[in-house]
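Numbering (this note's numbering), first residue to last: 12 to 497.
Just so it is clear, CB atoms sit at the ideal spot from N, CA and C, and this is done for glycine as well.
This report refers to the structure that appears directly beneath it.
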Ligand code: NDP
C-alpha cells in the first residue's frame, strides 16, 4: 500500500502527529494508500520553506532561467506520462481515454504556456510633463507576489492545480499547495518531477489533509502567506475569503456554477447534441463548466430531448483501464450520496425522468465504486433546487423556451455566472445573446474549447478575478510604478 507524504522543502516528509487518512479508488472502493494529514507544524514548515526559497535562488533567477526550468518540468511530466495517468485515474476513477487527452497534457502545457508568456510580456511606460519643463518618466515593473497558497479540488486535480502553480512559479513566486484529500497522488508525483527538473527546494511544497480544521484552514490562517488562489465550491470560497481578510491578503477564487446551455431552433442539431452530451456528462458531470440547465427552443424540444436521451444511453460506463469506456464513477461514495439526494429531489419535485435516475448494475469487482447513471429530467419548476443548485454530477434538466429574451432571462436567473454555451447558426444572434449572458465564459457552438491565453473566471457568485494569459500576471505579480523626475 502506498504511503503518501507531504513534499516540503524538497523532501517527502510524514506528519509529526502520525495522523493519516485513506486514499480510496472510487472505481472499486479499494484503499490505494494512506495519506499523511498535515497539522499546523507541517503547514508552517512548508510556508517557511517557501519564504526562504523566495529569498534564495528562485527569487534571484532571471525570467529566462526560470522559464527553462519550467520547460523541464513540463517535459518531466510528459516523460512520466503513464505514471501521471495511472495516478490520476486511480484517484478519480475517470476513464484513461479522457485523462490522457485532457488532464495530463494540460498539466504539462500549463508550465510551458506561462513560462513563455512571461518571457514576452511588456510593461507600461508613461512620459509626463512637469511645471519645470524637465518632465518625468513612469514605468511599471512586476515583482512576484510572494508565498502563494494554492487550494485545489478533485475533479481535474493536476490540470487545475498546475493552472495555478504554472503561472505562480513563472512569475517568481513560491507555493504551498493543498490538494483535495480525495486526490493526493499527482501533486506528489509533480514534486518528484520538480526535483529532477532542478526546481530549488522550497519553491513547490505540498501539504495533504482536509479543508476545515485541517491543512486547508491552517494554510489560509497562516499569517506569512501573501495570497491565495482557490478553485472549489462557492461556500468554501467565502470561508477562504474571510480567512484571507486578516492581513488583507489577496484572493483569486474560481468557484461553482450552474451553467446554462441555450439551444436555438436554428442550431446545427448534430453539433448541439454532441456538445451538450459532453458538457453534461464528461468527467461524470464533475466539471465546473458543465451544463446542468439546458434551455431548448420549443419547435425542436422533443427532437432534442429524444436525441440527448439516445446519446446518454450510448455512454459506455466502465473503469479507467477499459479502453471502450467513456463514463467513469463519481469521485467518492460521499459525493454520490449528494448527487443521489438530488436525483430523489427531482422525483419529489415531479420531474419526468427521461433517462437514468439511479445507480447502474456493475459487476461484483466494481460494486463498491461510486457509480451513478447519466440522468436527464424534464418538467421541473424553475425554482426546484435541482434547477437552481450545483449538483456536480452527470445530469441535466431540459426546459423549453419561446423567445430569445426568455432564454436570456432564464440563463441569467441564478446567482452563479461561470459559463454558458449557445447553439445557433445565426451569427447575429450568437453575438447578441453572448453579450447579454451574465457569465465569465460564453461558448458559441462549442464547449470547453480553451485557449490558455484568454481570461478564465466566473462572474457573480462563481468567482473573483480572472486567470489565464496576462490576467494571471495581474494576480501573481505586484505591479509597481517607478516615477523618475528628470
Ligand atoms: P471544495 O470547495 O469542497 O474543496 C476545494 C478545496 O478546498 C479542497 O482542497 C478542500 O479540501 C479545500 N477546503 C475545503 N474547506 C476548506 C477550508 N475551510 N479552508 C481551506 N480549504 C478548504 O470543492 P470540491 O473539491 O468539492 O470541488 C468541486 C467544486 O469546485 C464545485 O463547486 C465546482 O464547481 C468547483 N470548481 C470550480 C471551477 C472553476 O474554475 N470555477 C473548476 C473546478 C471546480 P478537502 O477536499 O480536503 O476538504
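In the DSSP assignment, the residues bridged to residue 139 are 147.
Scanning 131, 132, 84, 331 for the CA closest to the CA of residue 118 turns up 84. Pairing residue 172 with residue 161, the inter-Cα distance amounts to about 7 Å. Shown here, residue 103 sits in a helix according to DSSP, grouped into three states. At least one heavy atom of the ligand NDP falls within 8 Å of the beta-carbon of residue 165.
If you look at residue 388, you'll find it isn't in any alpha helix (DSSP H); it sits in the beta strand (DSSP E) that goes 386-389.
A straight-line Cα-Cα distance of about 47 Å links residue 449 and residue 497. Residue 15 sits away from residue 53, with the two beta carbons spaced by 9 Å or more. Listed in chain order, the non-local C-beta contacts of residue 328 below 6 Å within the same chain comprise 338, 371, local neighbours out to five positions each way being set aside. Nearest in C-alpha terms to residue 33, of all of 45, 109, 169, is 45. Across the structure, residue 97 and residue 417 are spaced so that their CA atoms are roughly 46 Å apart. CA-CA distance, residue 390 to residue 306, rounds to 12 Å. When C-alpha distances from residue 290 are compared across 13, 218, 456, the shortest belongs to 456. Leaving aside the five residues that flank residue 140 on each side, the residues in its chain whose CB is nearer than 7 Å to its CB run, in chain order, 146. In this structure, residue 113 has its CB at a distance of at least 8 Å from all heavy atoms of the ligand NDP. Distances taken from the Cβ of residue 152 to the heavy atoms of the ligand NDP include none shorter than 8 Å. Nearest C-alpha to residue 56 among 475, 216, 30, 354: 216.
Residue pairing for residue 325: DSSP places it in no beta bridge. The segment 470-488 makes contact with the segment 421-441, as at least three CB pairs between them are under 8 Å.
In terms of Cβ geometry, residue 79 and residue 212 do not form a close pair [threshold 9 Å]. Take residue 102, set aside five residues on each side of it, and the residues of its chain with a beta-carbon closer than 6 Å to its own are 194, 196, in chain order. Around the beta carbon of residue 208, 16 or more other beta carbons lie within 10 angstroms, which makes this residue buried. The beta carbon of residue 39 sits closer than 7 Å to the beta carbons of 376, 377, 379, 380 from its chain, once the five residues preceding and following it are set aside; these are given in chain order. With at least 16 other beta carbons inside 10 angstroms of its own, residue 467 counts as buried. In the structure shown, residue 342 falls within a coil segment according to DSSP collapsed to helix, strand and coil. In this structure, the ligand NDP has no non-hydrogen atom nearer than 8 Å to the beta-carbon of residue 176. With three or more CB-CB distances shorter than 8 Å, the segment 181-195 counts as touching the segment 149-163. In the three-state scheme derived from DSSP, where H, G and I count as helix and E and B as strand, residue 130 is classed as helix.
Sorting 71, 311, 73, 110 by C-alpha distance to the C-alpha of residue 331 places 110 at the top. In summary, residue 192 is buried, with 16 or more beta-carbon neighbours lying within 10 Å of its beta-carbon over all protein chains present. Taking the C-beta atoms as reference points, residue 264 is found no nearer than 9 Å to residue 299.
In the same chain as residue 356, and ignoring 5 residues on each side of it, the C-beta atoms closer than 7 Å to its own belong to 396, 397, in chain order.
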